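Written below as structure tokens is the structure these notes are about.
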Amino acid sequence: MFPLFARLPAELQLKIWDASYPQPGIHIFDVHFQPRQDFPGADKMIPSETADDAHTERIFLDSLAVTPVSCQGFSATQFRSDPSTYRTANTLSATSIDSVEVAKARLNSDKLGKSNIVHLDRNGKRVSYDNSADVLCLRFGLNHPVVQGATNNILDPDPGLAIQNNISRILQAEWSEGMAASLFAARRLAIDISELWSPSGFDSMSIMYLSCCIQNDLEVLYLVDYCIGRCRRCWKGKLTQKELATKKCGIAKELDPEDRDMDVIYGSTVTYREISNLEKLGWDFNHSMFAFAQILGDSIREQQGTKRLFRSVRVLACEEEVSNVEDMTIYAVCIKDDSRFL
Numbered sequence: 001m002f003p004l005f006a007r008l009p010a011e012l013q014l015k016i017w018d019a020s021y022p023q024p025g026i027h028i029f030d031v032h033f034q035p036r037q038d039f040p041g042a043d044k045m046i047p048s049e050t051a052d053d054a055h056t057e058r059i060f061l062d063s064l065a066v067t068p069v070s071c072q073g074f075s076a077t078q079f080r081s082d083p084s085t086y087r088t089a090n091t092l093s094a095t096s097i098d099s100v101e102v103a104k105a106r107l108n109s110d111k112l113g114k115s116n117i118v119h120l121d122r123n124g125k126r127v128s129y130d131n132s133a134d135v136l137c138l139r140f141g142l143n144h145p146v147v148q149g150a151t152n153n154i155l156d157p158d159p160g161l162a163i164q165n166n167i168s169r170i171l172q173a174e175w176s177e178g179m180a181a182s183l184f185a186a187r188r189l190a191i192d193i194s195e196l197w198s199p200s201g202f203d204s205m206s207i208m209y210l211s212c213c214i215q216n217d218l219e220v221l222y223l224v225d226y227c228i229g230r231c232r233r234c235w236k237g238k239l240t241q242k243e244l245a246t247k248k249c250g251i252a253k254e255l256d257p258e259d260r261d262m263d264v265i266y267g268s269t270v271t272y273r274e275i276s277n278l279e280k281l282g283w284d285f286n287h288s289m290f291a292f293a294q295i296l297g298d299s300i301r302e303q304q305g306t307k308r309l310f311r312s313v314r315v316l317a318c319e320e321e322v323s324n325v326e327d328m329t330i331y332a333v334c335i336k337d338d339s340r341f342l
């Protein structure tokens with residue numbers, strides 16, 4: 001803060017505090033996998049449990065790890081700092097009386113029935129955010145290269161590749177009560193595209209099971225492609241937001257026929273922008289990720305039935321205003337894939 005800030009008119013100070021925390025914001029959390037035997041009392045099995053149950057992983061939400069371990073051979077998205085806007089709110093809450101009021105207006109909306117609470121089981125803390133506008137972003141910590149080209153066998157996994165993907169892993173794990181409650185109430189969710197894909201492919205049944213776990217109040221599901229504008233191995237690293245923000249293409253209309261402005265979501269050092277031209281990503285109607293998004297959307301709508309809350313699956317790019325790639329908050333690198341040109 002500059003030294004003369006306190007001398008500014010009160011109205012201008014409030015505007016500055018308000019501008020420091022734009023909405024809608026994004027709140028990023030790790031889905032933490034922990035072997036059940038690591039929990040206190042895990043050696044005491046209840047009568048209904050089997051030996052396999054005792055070795056089931058438990059999963060819960062945790063704050064974003066900013067120094068994740070890269071998996072050699074797989075793509076990786078690494079965060080050098082946490083751009084979650086709830087952290088901005090925490091800073092504002094400890095700065096001044098006026099900034100505290102701004103933070104309260106953003107996070108503590110319980111009286112209006114708009115908040116969702118994220119339970120961080122590791123440290124017993126809770127994070128409240130505006131559920132009507134903000135986005136809850138989940139990180140699984142295991143990435144695989146996303147196939148960029150079209151394939152005729154988009155739903156058939158390769159039987160020679162027995163690598164467990166994140167979808168199957170979370171479906172087989174035991175969810176903490178706090179994580180289940182947070183996802184049950186979430187209206188807007190975001191997931192890294194590279195953490196959903198697997199070298200062994202995917203199957204529609206797993207996608208439908210996943211939709212059952214997140215569909216309750218869900219309105220929008222975002223798929224984030226961090227390679228755009230930052231990856232130094234694949235062709236998407238050279239794409240610009242201007243190229244992706246052209247007229248809405250037919251593929252995007254198929255996923256989301258609604259005529260509206262493209263979404264913009266803010267982090268403390270980054271901005272997530274919705275992509276209107278998915279063809280620039282190499283997608284067509286036979287592309288594996290288009291099929292994935294379409295099955296997810298259809299499954300969520302079917303699960304919600306007459307509630308009809310869900311609007312669409314959307315794709316986001318994450319941009320940063322830095323001149324040097326080395327200065328970026330988020331570092332993305334993937335295995336170079338030339339299948340787009342086949």
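The sequence shown begins at 1 in the UniProt record's numbering and counts up by one.
Glycine included, every Cβ here is placed at the ideal spot set by N, Cα and C.
Keep in mind that this is a model prediction, so the values were computed, not measured.
Can you grab the Cα-Cα spacing for the pair residue i / residue j, in whole Å?
i	j	result
L278	C249	7 angstroms
D110	F140	Residue placement at D110 is poorly supported in this model, since its pLDDT is 48, which falls under 50; the coordinates still yield a value, given next. Cα to Cα, D110 sits roughly 28 angstroms from F140.
L316	C212	23 angstroms
A133	L255	21 angstroms
G178	L120	8 angstroms
L210	D62	20 angstroms
F285	K242	23 angstroms
S115	W175	21 angstroms
R232	D327	14 angstroms
S128	R188	14 angstroms
G305	S288	26 angstroms
N123	I275	36 angstroms
S81	T329	6 angstroms
N131	I170	23 angstroms
K307	I214	14 angstroms
P24	I265	5 angstroms
A65	F79	7 angstroms
V322	G237	14 angstroms
T246	C334	26 angstroms
Q303	Y21	35 angstroms
P35	R87	29 angstroms
V11	T85	For the record, residue 11 in the displayed sequence is Glu; it is not Val. Spanning the two alpha carbons is a distance of roughly 23 angstroms.
L309	L244	27 angstroms
Confirm, please, whether the CB-CB distance from residue j to residue i is below 8 angstroms.
i	j	result
H32	L136	no
residue 374	Y272	A query on residue 374 cannot be resolved here, the shown segment of the chain reaching from 1 to 342 and no further.
S182	V224	no
Report the residue from the options whose alpha carbon sits nearest the alpha carbon of residue i.
i	options	result
D192	Q23, D30 and R122	D30
Y226	Y129, Q241 and Y331	Y331
S206	L296, Q23, L12 and E302	L296
A291	R308, A181 and M208	M208
L239	V224, K253, E258 and K280	K280
D259	E302, R311, L138 and G229	R311
K253	I228, A293, R230 and G229	A293
Within the same chain, show all residues whose beta-carbon is closer than 6 angstroms to that of residue i, passing over the 5 residues directly before and after it, in chain order.
i	result
N216	F184
D43	Residue placement at D43 is flagged as unreliable, the pLDDT there being 46, under the threshold of 50; a coordinate-derived value is accordingly withheld.
Under 8 angstroms Cβ to Cβ from residue i, same chain only, skipping five residues before and after it: list those, please.
i	result
P83	I26, I28, G267, S268, T269, V270, T329 and I330
residue 345	Residue 345 lies beyond the range of the chain shown here (1 to 342); nothing can be said about it.
Keeping to the same chain, check which residues put their C-beta closer than 7 angstroms to that of residue i; ignore five residues upstream and five downstream.
i	result
R314	V220, Y222, D256, D263 and E274
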